[in-house]
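Participant: Chains as they are written, first to last, in the numbering used here: chain L, 1 to 113; chain D, 1 to 113.
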DNA sequence: CCTATAGTTAGGTATTTACCTAACTATAGG
DNA sequence: CCTATAGTTAGGTAAATACCTAACTATAGG
């Protein structure tokens with residue numbers, strides 16, 4: 001297990017992989033769909049004008065990023081989102097916002113002098 | 001101007017580009033730095049063990065994504081973050097969270113029956 | 001005017017990504 | 001048992017990415 005995975009904890013992955021996964025519109029469509037509830041691979045594939053193996057490749061990336069989990073029962077694989085990976089991304093962004101606010105405050109202090 | 005850019009409004013860019021930009025650790029380091037205040041290209045380059053032209057390439061991507069703005073005065077280009085691009089990404093994520101909560105509520109209703 | 005500094009452009013390479021088709025495996029259900 | 005369905009694997013291509021070096025432009029400041 002690499003350092004990034006260890007740092008992110010419990011099945012999550014690095015921010016690199018999470019943001020990378022979200023950078024593609026097909027993958028975001030999959031995530032959007034899964035936020036409304038679990039779905040099988042072919043359900044996910046249906047609205048995406050793309051061959052099945054390509055969808056699978058996207059799913060692999062989504063799993064690697066930790067955004068999606070899946071389990072196979074019988075011949076159907078059921079996929080669901082894992083909200084903690086999404087949390088990670090959101091937290092990174094909100095920390096940036098905090099940093100910006102602090103910078104803004106320092107600027108105010110500076111202007112008062 | 002393409003449809004994605006039009007849709008995102010005022011100098012922002014598509015979510016594709018924003019998430020793509022955030023997927024690279026060097027680019028996130030640049031964003032983190034700029035959240036603490038504006039900086040020149042060489043200031044941004046200094047902590048990144050990488051040749052200047054590579055840094056410039058990252059900056060171009062960051063500008064294309066709308067995350068960073070820059071202007072040149074004299075021979076120094078000053079870069080600053082543009083928070084609206086970050087907002088876009090954050091809003092996409094929080095809409096996903098809302099969708100998940102709605103799905104969860106529907107599940108509760110279902111279980112009550 | 002000259003030189004050091006700040007950034008830029010051109011162009012090249014190795015790797016990764018996003019797709020595809022074809023062929024395969026495994027299980028549900030008649 | 002046989003066939004249709006659900007997913008998987010293998011393998012190939014075109015384009016994008018992340019770097020690099022070398023060479024260039026433009027401006028600050030003595």
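All C-beta atoms in this analysis are idealised placements derived from N, C-alpha and C, irrespective of residue type, glycine included.
Fair warning: this is a prediction, and the values are worked out from it, not measured in the lab.
Check the DSSP bridge columns for residue 72(L) and list the partner residues they point to.
Facilitator: Reading the first chain from its first residue, position 72 is the one you call residue 72(L). DSSP lists 77(L) as partners of residue 72(L).
Participant: Where does the unbroken alpha helix (DSSP H) through residue 133(D) begin, and where does it stop?
Facilitator: Since the first residue of chain D shown is 1 and the last is 113, residue 133(D) is not available in this structure.
Participant: I need the straight-line Cα distance from residue 38(L) to residue 86(D), nearest angstrom please.
Facilitator: Translated into the one-based positions of the first chain, residue 38(L) becomes position 38. Translated into the one-based positions of the second chain, residue 86(D) becomes position 86. Rounded to the nearest angstrom, the two C-alpha atoms are 28 Å apart.
Participant: Kindly indicate which residue of 59(L), 109(L), 36(L) and 62(L) has the alpha-carbon position closest to the one of residue 99(D).
Facilitator: Start at 1 with the first residue of the second chain, and residue 99(D) comes out as number 99. With distances taken between Cα atoms, residue 99(D) lies closest to 36(L).
Participant: Please state whether DSSP places residue 14(L) in a helix, a strand or coil.
Facilitator: Position 14 of the first chain holds residue 14(L). Of the three classes helix, strand and coil, the one that applies to residue 14(L) here is coil, per DSSP.
Participant: So for residue 1(D), helix, strand or coil by DSSP?
Facilitator: Position 1 of the second chain, counting from 1, holds the residue named residue 1(D). Its pLDDT being 45, under 50, residue 1(D) is placed unreliably in this model, and the value from its coordinates should be taken loosely. Reduced to three states, the DSSP call for residue 1(D) is coil.
Participant: For residue 31(L), decide whether its Cβ has a neighbour in chain D, counting only Cβ atoms nearer than 8 Å.
Facilitator: Along the first chain, read from residue 1 onward, the residue named residue 31(L) stands at position 31. Interface residue, yes.
Participant: Should residue 76(L) go down as buried or exposed, given a rule of 16 or more other Cβ atoms within 10 Å for buried?
Facilitator: Position 76 of the first chain, counting from 1, holds the residue named residue 76(L). Exposed, because fewer than 16 other Cβ atoms sit within 10 Å of the Cβ of residue 76(L).
Participant: Give the secondary structure of residue 89(D) by DSSP, where H, G and I count as helix, E and B as strand, and everything else as coil.
Facilitator: Locating residue 89(D) in the second chain gives position 89, counting from the first residue. DSSP places residue 89(D) in helix when its eight states are reduced to three.
Participant: Would you give the residue range spanned by the alpha helix (DSSP H) that residue 36(L) belongs to?
Facilitator: Taking the first chain and counting its residues from 1, one reaches residue 36(L) at position 36. First-last for residue 36(L): undefined, no H or E at that position.
Participant: When the cut-off is 8 Å and only beta carbons count, does residue 100(L) lie next to chain D?
Facilitator: In the first chain, residue 100(L) corresponds to position 100, counting from 1. Judged by the 8 Å Cβ criterion, residue 100(L) is in contact with chain D.
Participant: Which of the three DSSP states is assigned to residue 25(D) in this structure?
Facilitator: Along the second chain, one-based indexing puts residue 25(D) at 25. Residue state, collapsed to three classes: helix.
Participant: Could you tell me whether the stretch 99-108 of chain D touches the stretch 58-73 of chain D, using the rule of 3 or more Cβ pairs below 8 Å?
Facilitator: The answer is no - the stretch 58-73 of chain D does not touch the stretch 99-108 of chain D, with fewer than three Cβ pairs under 8 Å.
Participant: CB residue 79(L) to CB residue 15(L), shorter than 8 Å?
Facilitator: Taking the first chain and counting its residues from 1, the one referred to as residue 79(L) is at position 79. Taking the first chain and counting its residues from 1, the one referred to as residue 15(L) is at position 15. Not closer than 8 Å, so no.
Participant: Would you check if the distance between the CB atom of residue 91(L) and the CB atom of residue 31(D) is smaller than 8 Å?
Facilitator: As a first step, residue 91(L) is located in the first chain; it is residue number 91 there, counting from the start. As a first step, residue 31(D) is located in the second chain; it is residue number 31 there, counting from the start. Result no, Cβ atoms of residue 91(L) and residue 31(D) do not sit closer than 8 Å.
Participant: Against chain D, with Cβ distances strictly below 8 Å, would residue 16(L) count as a contact?
Facilitator: Reading the first chain from its first residue, position 16 is the one you call residue 16(L). Residue 16(L) counts as touching chain D.
Participant: Using a cut-off of 7 Å between C-beta atoms, extract the partners of residue 64(L) located in chain D.
Facilitator: Here residue 64(L) refers to the residue found at position 64 of the first chain. Simply none; closest approach about 13 Å.
Participant: Please list, in chain order, the chain L residues whose beta carbon lies closer than 7 Å to that of residue 20(D).
Facilitator: For the purposes of this step, residue 20(D) is identified with residue 20 of the second chain, where counting begins at 1. Here the neighbours are 23.
Participant: According to the Cβ coordinates, are residue 89(L) and residue 18(L) closer than 8 Å?
Facilitator: Start at 1 with the first residue of the first chain, and residue 89(L) comes out as number 89. Start at 1 with the first residue of the first chain, and residue 18(L) comes out as number 18. In this structure, residue 18(L) lies closer than 8 Å to residue 89(L) by Cβ.
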